[in-house]
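Under this note's numbering, the residues of the sequence shown are numbered 7 to 466, in order.
Glycine included, every Cβ here is placed at the ideal spot set by N, Cα and C.
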Amino acid sequence: MNNKMEAETPLVFKRMIMAISGILMLIGLPLSANLLCAMSSSYFQYSEMLYSVFSCLAVLLTMGVGIAAFIHSNGSIQKKRSKILSMPPIPLLVGAFGLLLFLGLFFFNANISEGLFFPPILIVLAALPPLWSVAWFARTDTMADLSTDEPILPTDNVITEETKVDVTDDANKNHITWRRGVMAFIGGATIGVLVALILEIILPAIVLALVFDLANVVLDSVRALFEQLAGFDIANALTNPGFIYVFILLAVIAPLAEEIAKPLALLPILRRLNRKQAFLMGALAGAGFAAIENVIYAASSYELWSGVLLIRSLGGALHPLGAGLMALAWRDVLCEEQGAWSNWLKRFAIAVGVHAVWNGGSLLVITFGGAGLFGELPAEIGTLGISAAGVTLAFLILLGISALWIGRIFGHGESPESFLEDKNTDVSLAPSERTLAIWALACLTAIVPIGIAGLSLWLR
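See below:
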């Protein structure tokens, strides 16, 4: 093992986190007072709902993050033990998602204390899909440990009460502690989101406004795009400059920026992690990033928030997978592994490619069925529009399933290539050719019609 992995996390880094957490708590004090006012009101306008949700989110990202970071950084400085991270069972997370979705719809539509209950319900709903994806990445049925000086524990960081022990962050070489897991999630939700916003929104806006003076042209094109969607003019919408700009932003700029940004908060500690830890820590950072992004998309969709969350739950594994791959890539570079930079480029290409396909496909689903988002559908869109969107939606389902499968392989400390190269690889993870053939047939005969039917009901 590389000697750099044995070093303890620098004390100055821990103290810096503690200082930043204090600043965040101070910022959160007036925001908390503002939140009490926002949550005590009822929604009469769309803007009031947005205000309540984002006020709640702001308090969580300042006061909540500050308290959590202060507790964990202080515990690390004092060398207090932290328990091994134990993810809840996946059925429990999925069941909680369904229950909270029902409660959210009830409070939103019944206008009963919606200002108090709806914002936290929406935020928790946004966090559950990426979290159950990380739980799926890590979960296994085997009980084994890779070292001789630690008690036998589950190799996936998901443990039972009988095997739960306390460990320090740097002494534990095979598992992720609660302290590091929480800080990874927070890092993705704060630093990752901030850097991504700068790279994919602020910088392009500055270029458009100052260099080429194209801001007004782009705004006019985007406005024309929405007018064409509202008028059910799908052909013109697809060739509109606004659509091309939005497509480039979502399918090119956003994946490049976000896959760079998500694991940045982990760079100071990655070289002290093994490959499995690095991937799962990155996945947790990606889950934090995805949670914030889900809140923004869902809240901005107003009455369509539940449908947006359901669609995004299909790809709940994409952000954790991409961030995990990039954390693993950065870990190899920092540890000076052989071929680290070439592997970095490969993993970056995979993360960006999958992300781009998902974002581009999602935009096509909205555009092909676009009229349904803005009003009643005309009869003539029932053939091409629904079918095209349904097939695209089915493809996104397959992409989400594939991301879960790939993430589970890396979460077990393996890689897809190891199935061909290593006879000691866990063969239970490797699909046979017959299994892949059956799965492909099921996709063609079942998932595509389901996607078409589901989209038909959604746009009815």
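Based on the DSSP output, what are the partners of Ile90 in its beta bridges?
Stepping through the sequence shown from its first residue, residue 90 is reached at position 84. Its beta-bridge partners are Thr183.
Pick helix, strand or coil for Cys43, following the three-state DSSP scheme.
In the sequence shown, counting from the first residue as 1, residue 43 sits at position 37. DSSP places Cys43 in helix when its eight states are reduced to three.
Between which two residues does the alpha helix (DSSP H) holding Tyr303 run?
Within the sequence shown, the letter at position 297 stands for residue 303. Element bounds for Tyr303: Arg281 to Ser306.
Tell me, please, whether the region 268-276 touches the region 97-117 by the rule of three or more beta-carbon pairs shorter than 8 Å.
Judged by pairs of C-beta atoms under 8 Å, the region 268-276 does not touch the region 97-117, as fewer than three such pairs exist.
Counting along the chain, where does the alpha helix (DSSP H) carrying Ala116 start and finish?
Numbered from its first residue, the sequence shown carries residue 116 at position 110. Ile96 to Ala116 is the extent of the alpha helix (DSSP H) around Ala116.
Beta-carbon within less than 7 Å of Met287's beta-carbon, same chain only, minus the 5 sequence neighbours each way: which residues are those?
Translated into positions along the sequence shown, residue 287 becomes position 281. Ile182, Arg186, Ala190, Leu272, Leu279 and Ala333, listed in sequence order.
Taking contact to mean at least 3 C-beta pairs separated by less than 8 Å, is the region 27-34 in contact with the region 62-69?
yes
Flag this pair as touching only if the region 81-98 and the region 138-145 have three or more C-beta atom pairs under 8 Å; answer yes or no.
yes
Provide the residue span of the alpha helix (DSSP H) that contains Ile208, from first to last.
The residue labelled residue 208 in the question sits at position 202 within the sequence shown. Ile208 -> no alpha helix (DSSP H), and no H or E assigned at all.
Closest by CA to Ile275, which one among Ala323, Asp338, Val314 and Ile77?
Taking the sequence shown and counting its residues from 1, the one referred to as residue 275 is at position 269. Ranking Ala323, Asp338, Val314 and Ile77 by Cα distance to Ile275 puts Asp338 first.
I need the straight-line Cα distance from Ala195 to Phe401, nearest angstrom please.
One-based indexing of the sequence shown puts residue 195 at position 189. One-based indexing of the sequence shown puts residue 401 at position 395. Distance between the alpha carbons of Ala195 and Phe401 is about 28 Å.
Relative to the C-alpha of Ser61, which candidate in Gly110, Ile77, Val301 and Ala202 has its C-alpha closest?
Here residue 61 refers to the residue found at position 55 of the sequence shown. Cα-wise, what sits closest to Ser61 is Val301.
Got a sec? Which residues, its chain only, sit under 7 Å from Gln283 by beta carbon, not counting five neighbours each side?
Your numbering for residue 283 matches position 277 in the sequence shown. Once the five neighbours on either side are set aside, the close Cβ partners of Gln283 are Ile182.
Among residues of its own chain, excluding the 5 on either side of Ala296, which ones have a beta-carbon nearer than 6 Å to its beta-carbon?
On the sequence shown, position 290 is the one that residue 296 refers to. Closer than 6 Å at the Cβ level, and outside the excluded window around Ala296, lie Pro136 and His325.
Ends of the alpha helix (DSSP H) at Ser312?
For the purposes of this step, residue 312 is taken as the residue at position 306 of the sequence shown. Start and end: Trp311 to Leu320.
Would you give the residue range spanned by the alpha helix (DSSP H) that Gly81 belongs to?
On the sequence shown, residue 81 is found 75 positions in, with the first residue counted as 1. That run of the alpha helix (DSSP H) goes Val71 to Ile83.
Tell me which same chain residues have a C-beta within less than 7 Å of the C-beta of Glu386, skipping the five on either side of it?
Counting from one through the sequence shown, the residue named residue 386 turns up at place 380. Low confidence applies to Glu386: its pLDDT is 38, below 50, so where it sits in the model is not reliable enough to give any reading.
Please check the pair Ile127 and Phe113, which I expect to be a contact at CB under 8 Å, by giving their CB distance rounded to whole angstroms.
Translated into positions along the sequence shown, residue 127 becomes position 121. Translated into positions along the sequence shown, residue 113 becomes position 107. Rounded, the Cβ-Cβ distance is 7 Å, consistent with contact.
Pop quiz: Ala357 and Gly328 are said to be a contact at Cβ under 8 Å. What is the actual Cβ separation, rounded to whole angstroms?
Residue numbering aside, residue 357 sits at position 351 when the sequence shown is read from its first letter. Residue numbering aside, residue 328 sits at position 322 when the sequence shown is read from its first letter. Contact holds; Cβ gap of about 4 Å.
Within a Cβ cutoff of 6 Å, which residues of the same chain sit near Pro125, ignoring the five residues on either side of it in sequence?
Numbered from 1 along the sequence shown, position 119 holds the residue referred to as residue 125. The answer, listed in chain order, is Ser58, Val59 and Cys62.
Could you pull out every residue in the same chain whose Cβ sits closer than 8 Å to the Cβ of Ile83, ignoring the five residues on either side in sequence?
Numbered from its first residue, the sequence shown carries residue 83 at position 77. So the qualifying residues of the chain are Leu17, Lys20, Arg21 and Met24.
Measuring CB to CB, does Leu134 end up less than 8 Å from Leu91?
Stepping through the sequence shown from its first residue, residue 134 is reached at position 128. Stepping through the sequence shown from its first residue, residue 91 is reached at position 85. It is not a contact, given that the beta carbons lie outside the stated cut-off.
CA-CA distance, Leu340 and Gly28?
Here residue 340 refers to the residue found at position 334 of the sequence shown. Here residue 28 refers to the residue found at position 22 of the sequence shown. Their backbone Cα atoms lie some 30 Å apart in a straight line.
Report the rounded CA-to-CA distance for His78 versus Arg277, giving the unit in angstroms.
Translated into the one-based positions of the sequence shown, residue 78 becomes position 72. Translated into the one-based positions of the sequence shown, residue 277 becomes position 271. Between His78 and Arg277, the C-alpha separation is close to 20 Å.
Cα separation between Leu205 and Ala362?
The sequence position of residue 205 within the sequence shown is 199, counting from 1. The sequence position of residue 362 within the sequence shown is 356, counting from 1. Using only the alpha carbons, I get a separation of about 16 Å.
Taking its Cβ as the centre, do 16 or more other Cβ atoms sit within 10 Å of Ile192, making it buried, or is it exposed?
The residue given as residue 192 occupies position 186 in the sequence shown. With 16 or more other Cβ atoms from the protein chains shown falling within 10 Å of its own Cβ, Ile192 counts as buried.
Taking the Cβ atom as the reference point for each residue, do Gly467 and Ala323 lie within a distance shorter than 8 Å?
Any property of residue 467 remains undetermined from this structure, which presents the chain solely from 7 to 466.
Can you give me the C-alpha to C-alpha distance between Glu299 and Ser119, rounded to a whole angstrom?
Here residue 299 refers to the residue found at position 293 when the sequence shown is read from its first residue. Here residue 119 refers to the residue found at position 113 when the sequence shown is read from its first residue. Straight-line Cα distance between these residues: approximately 25 Å.
Would you check if the distance between the CB atom of Gly198 and the CB atom of Gly321 is smaller than 8 Å?
On the sequence shown, residue 198 is found 192 positions in, with the first residue counted as 1. On the sequence shown, residue 321 is found 315 positions in, with the first residue counted as 1. No. Outside cutoff.
Please state the DSSP three-state secondary structure of Ser119.
Sequence index remark: in the sequence shown, residue 119 carries index 113 (1-based). In the structure shown, Ser119 sits in coil (DSSP, three-state: anything other than H, G, I, E or B).
Under a three-way DSSP split, which group does Gly345 fall into?
As a working mapping, residue 345 is identified with position 339 in the sequence shown. Three-state DSSP puts Gly345 in coil, outside helix and strand.
Between Ala202 and Ala263, which are expected to be in contact by the criterion C-beta below 8 Å, what is the C-beta distance as a whole number of angstroms?
Taking the sequence shown and counting its residues from 1, the one referred to as residue 202 is at position 196. Taking the sequence shown and counting its residues from 1, the one referred to as residue 263 is at position 257. With a Cβ gap of about 5 Å, Ala202 and Ala263 count as contacting.
Straight-line CA distance for Gln344 to Ala335?
The residue you call residue 344 lines up with position 338 of the sequence shown. The residue you call residue 335 lines up with position 329 of the sequence shown. Taking the straight line from one Cα to the other gives about 12 Å.
For Ile33, does the three-state DSSP call read helix, strand or coil?
Here residue 33 corresponds to residue number 27 of the sequence shown, with the count starting at 1. Ile33 falls in the helix class under three-state DSSP.
Of the choices Lys86, Arg87, Ala132 and Leu122, whose alpha-carbon is the least far from that of Ala305?
Taking the sequence shown and counting its residues from 1, the one referred to as residue 305 is at position 299. Selected option, being the one with the closest Cα: Ala132.
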